[in-house]
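In my numbering, the protein residues as written are 700 to 1062. All residues carry an ideal CB built from backbone N, CA and C; glycine is no exception. Because the structure is a prediction, the values reported are computed rather than measured. One structure below.
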Amino acid sequence: MESSLHIEVTTSSAPVAEERVAEILAAPGFGLHFTDHMFVAEWTPAQGWHDARITPYAPLSIDPATAVLHYAQEIFEGMKAYRHEDGSVWTFRPEENAARMVRSARRLALPVLPVEDFVASVDALVRVDERWVPEAGGEKSLYLRPFMFASEVFLGVRPSQHVTYMVIASPAGAYFAKGVKPVSIWLSEHYTRAGRGGMGAAKTGGNYASSLVAQQEAIEEGCDQVVFLDSAEGRYVEELGGMNLYFVQDDGTILTPETSGTILEGITRSSIIELCGKLGHVVEERPVTIDEWREGVASGRIGEVFACGTAAVVTPVGTLKWSGGEVGDGETTGPVTRQVRSALLDIQYGRAEDTFGWMHRVD
Ligand SMILES: Cc1ncc(COP(=O)(O)O)c(C=O)c1O
700 MESSLHIEVT TSSAPVAEER VAEILAAPGF GLHFTDHMFV AEWTPAQGWH DARITPYAPL
760 SIDPATAVLH YAQEIFEGMK AYRHEDGSVW TFRPEENAAR MVRSARRLAL PVLPVEDFVA
820 SVDALVRVDE RWVPEAGGEK SLYLRPFMFA SEVFLGVRPS QHVTYMVIAS PAGAYFAKGV
880 KPVSIWLSEH YTRAGRGGMG AAKTGGNYAS SLVAQQEAIE EGCDQVVFLD SAEGRYVEEL
940 GGMNLYFVQD DGTILTPETS GTILEGITRS SIIELCGKLG HVVEERPVTI DEWREGVASG
1000 RIGEVFACGT AAVVTPVGTL KWSGGEVGDG ETTGPVTRQV RSALLDIQYG RAEDTFGWMH
1060 RVD
């Protein structure tokens, strides 16, 4: 369906100089630099979504009593635009991000932004800031951050009657600038990320706020990332702070923890399930216990562990560490991890045929 949003475009009269953009795109890092424009739309119960516009990128002026600052009624998405060899620009399954934002909105009592309006908003921003999409040939991209927040000026716990939706964009470097390197994972035994009936499946700031102290603990323990267990029994593997998990078993089957409301339904995760099917692997979605992981790696029953998400695509997990022990050799990237990583990147960067119809042409 076509978007019915009317988007007013005001281009910047002071865009970043071409040489500076080139300098930024040569080494963009992650989340550090932002493009010349941003997308904004407002919602009220009476008017629905309105005042959709692209304006020069600028700070917001926020009243101190703006609801989101107090009650965290906020959701977001994360996705990328990729440049192909022929210069064209594409996004990966944007309607899946849109659909997840609809689910997050329902959980956070925010208004639903129709899928076609979400896609139109992202397309519009990428088109106006096209020169910020890094060149093809590496693993750089333009990271896109759609988000929605309670913008009513009101102190009180109830759904906001004024909501703002925005999209901003930030060039991103290759996650592994010096080649793929396995990460180490710290097992969080004090903190959990989400409980039954909670917000675990929603992409909302609160989940990330609650994960920070566990991530800090991981760093103190010399690890790169943290893994969370279920909050009810502390037995089942859920996900990392910002990635889903996969286990490759010695009989060739690939395991991933099932999503049952407490795990973010990663778009990379679900794409890998389909991709693995095509590559001839059997994928099982079911509860995976932490003992199965520990004992599996120790005995060789689990030969590879990898994490996945938009930012890093597929990341090998080298070591799992917990209070009193660790497993994994810390160094090897297994063949299945490598195969899945390249298969996905080849589709995203247009180097392989997109037999799934996942890519969406923007420009
Ligand atoms: C908590 C969490 N889990 C999983 C993912 C992976 O999701 P996706 O593949 O859609 O990027 C993310 C990344 O956005 C995340 O923040």
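query	result
Classify isoleucine 761 as buried or exposed, calling it buried when 16 or more other Cβ atoms lie within 10 Å of its own Cβ.	exposed
Consider the C-beta atom of methionine 865 and the heavy atoms of ligand 1; say whether any pair is separated by less than 7 angstroms.	no
Along the beta strand (DSSP E) that carries glycine 1008, what are the first and last residues, could you check?	1001–1008
Given this structure, state the Cα-to-Cα distance separating tyrosine 890 from glutamate 919, to the nearest angstrom.	15 angstroms
Taking the alpha carbon of phenylalanine 817 as the point to measure from, which residue in Ala997, Gly979, His980 and Phe775 has its own alpha carbon closest?	Phe775
Would you report the Cα separation of valine 1035 and arginine 1000, rounded to the nearest angstrom?	15 angstroms
Taking its Cβ as the centre, do 16 or more other Cβ atoms sit within 10 Å of lysine 877, making it buried, or is it exposed?	exposed
Output needed for arginine 844: all residues of its chain with C-beta closer than 8 angstroms, excluding positions within five of it in sequence on either side, in chain order.	Phe775, Glu776, Gly777, Val866, Ile867, Ala868 and Ser869
Three or more beta-carbon pairs under 8 angstroms between the region 984–995 and the region 948–967, yes or no?	yes
Alpha carbon to alpha carbon, how far is tryptophan 1057 from valine 827? Give it in angstroms, no decimals.	23 angstroms
Nearest-angstrom Cα distance between glycine 1073 and aspartate 785?	Since the first residue shown for the chain is 700 and the last is 1062, residue 1073 is missing from the structure and cannot be characterised.
From the DSSP output, which residues share a beta bridge with valine 1016?	Val882
Helix, strand or coil: which one does DSSP assign to alanine 725?	helix
Can you tell which of Ile753, Val862 and Val715 has the C-alpha that lies nearest to the C-alpha of glutamine 772?	Val862
For aspartate 923, count the other beta carbons within 10 Å of its own beta carbon; 16 or more makes it buried, fewer makes it exposed. Which is it?	buried
Just to confirm my understanding: we take glutamine 1038, look at its own chain, exclude 5 residues before and 5 after, and list those with CB closer than 7 angstroms. What are they?	Leu978
Which of the three DSSP states, helix, strand or coil, is assigned to valine 856?	coil
Rounded to whole angstroms, how far is the Cβ of proline 881 from the Cβ of glutamate 717, which I believe are closer than 8 angstroms?	The Cβ separation is near 38 angstroms, so there is no contact.
Decide yes or no for the touch test of the region 799–812 against the region 845–859: beta carbon pairs closer than 8 angstroms, at least 3 of them.	yes
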